[in-house]
Amino acid sequence: MVIPKIYGLMPKIYGLMEYKTYQAFSYFALNSILSDHYKKWDFVPFNYYEFGTGEGNSLKYFLKSLRAVSKQNKIDIKKFNVFLFDSFEGLPEYNDSKDKNPAWSKGQFKGSLDSIKLIVKKIAPELVEKTKFVKGFYENTLTDDLRKSLNTYPPSLVNIDVDYYKSTKTILEWIYPICQEGTIFYFDDIFEYLGNLSKGEYKAIEEFNKNHLSEGFQFYLFHNFGIPSFTGKVFTLNKIVNKSD
Ligand SMILES: C[S@@+](CC[C@H](N)C(=O)[O-])C[C@H]1O[C@@H](n2cnc3c(N)ncnc32)[C@H](O)[C@@H]1O
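Take our numbering: the last position of the sequence shown gets the number 244, and nothing is skipped along the way.
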């Protein structure tokens with residue numbers, strides 16, 4: 000019978016696609032923000048922010064997609080800026096119950112800054128000068144002064160792969176004032192707590208939506224760009240239209 004055969008193939012198909020969620024996100028999200036539709040809005044597409052660079056897997060996929068998509072769209076790749084935020088010491092230790100996850104521990108996913116620089120040099124040498132590193136734990140590095148200095152580089156795509164609720168909350172509170180209407184966010188770890196949405200990255204999004212409702216900011220679930228993933232989810236950050244408008 001055909002149906003059992005198709006179901007039998009699914010694990011193999013998903014296996015082949017493993018780790019390609021970043022590729023799918025980068026490719027489709029870049030195509031979205033460079034599309035004619037986005038062009039009609041006052042949207043600056045050139046600033047990629049990545050929180051959680053670790054060993055650089057997501058960065059590799061982003062840079063490869065950027066190379067392909069900028070060529071397709073006849074855009075000089077040098078127009079893009081890349082901002083990478085990581086402790087480069089691996090995961091911190093958090094004791095909040097919204098963060099406890101037996102899969103993770105302090106120091107995990109430690110990536111070296113030098114090997115990340117090599118990745119940029121190899122895949123997108125034109126961007127070596129346009130890649131900025133913010134090294135350290137977000138609680139220390141994400142300051143008002145840093146945000147002011149990035150005011151002229153409004154995020155267009157934001158990749159958040161920091162696993163924890165607390166890290167995500169710190170990032171969202173810091174970044175939203177410089178975001179654009181329609182900034183696309185990819186959250187890699189939405190379902191990493193056995194689907195428990197009162198923990199981890201999802202909890203931080205939910206709290207953000209609750210706390211910033213009065214200012215009108217809201218994360219909206221966008222779409223998955225067909226990403227065959229049980230973890231990543233894509234949101235846009237938008238301003239809510241007031242009922243009186
Ligand atoms: C799962 S890893 C990222 C993996 C990476 N995206 C990749 O594809 O190779 C999570 C990263 O988040 C960083 N991280 C998490 N919380 C952080 C915090 N509060 N401050 C700085 N870095 C943090 C860790 O250092 C780690 O490199």
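C-beta: ideal position from N, C-alpha, C; glycine also.
Quantities reported herein were computed from a predicted structural model and do not represent experimental measurements.
8 Å Cβ cutoff met for residue i and residue j
| i | j | result |
| --- | --- | --- |
| Arg66 | Ile74 | no |
| Gln179 | Ser155 | yes |
| Ser25 | Tyr60 | yes |
| Phe207 | Tyr219 | no |
| Phe87 | Leu112 | yes |
| Leu126 | Val119 | yes |
| Asn46 | Pro153 | yes |
| Tyr62 | Ile122 | Looking at the sequence provided, one finds Leu at residue 62 rather than Tyr. Against a cut-off of 8 Å, the Cβ pair of Ile122 and Leu62 comes out as a contact. |
Residue i, enclosing beta strand (DSSP E) - first and last residue
| i | result |
| --- | --- |
| Tyr219 | 216-220 |
| Phe132 | 130-134 |
| Phe84 | 80-85 |
| Ile159 | 156-159 |
Residue i classed as buried or exposed, judged by whether at least 16 other C-beta atoms fall within 10 angstroms
| i | result |
| --- | --- |
| Glu191 | buried |
| Lys202 | buried |
| Asn100 | buried |
Residue i - DSSP class collapsed to helix/strand/coil
| i | result |
| --- | --- |
| Glu200 | helix |
| Tyr175 | helix |
| Ile189 | coil |
| Lys209 | helix |
| Asn46 | strand |
| Ile170 | helix |
| Thr182 | strand |
| Ser31 | helix |
| Ala123 | coil |
| Asp143 | helix |
| Ser104 | coil |
Between the CA atoms of residue j and residue i - distance to the nearest angstrom
| i | j | result |
| --- | --- | --- |
| Lys131 | Phe27 | 24 Å |
| Thr167 | Asn72 | 32 Å |
| Glu172 | Arg146 | 11 Å |
| Ala23 | Tyr185 | 11 Å |
| Asp98 | Lys198 | 6 Å |
| Ile159 | Gly89 | 15 Å |
| Tyr21 | Pro44 | 18 Å |
| Ile239 | Phe216 | 6 Å |
Enclosing alpha helix (DSSP H) for residue i [first to last residue]
| i | result |
| --- | --- |
| Leu62 | 56-71 |
| Thr235 | Careful: Thr235 lies outside any alpha helix (DSSP H), inside the beta strand (DSSP E) at 232-238. |
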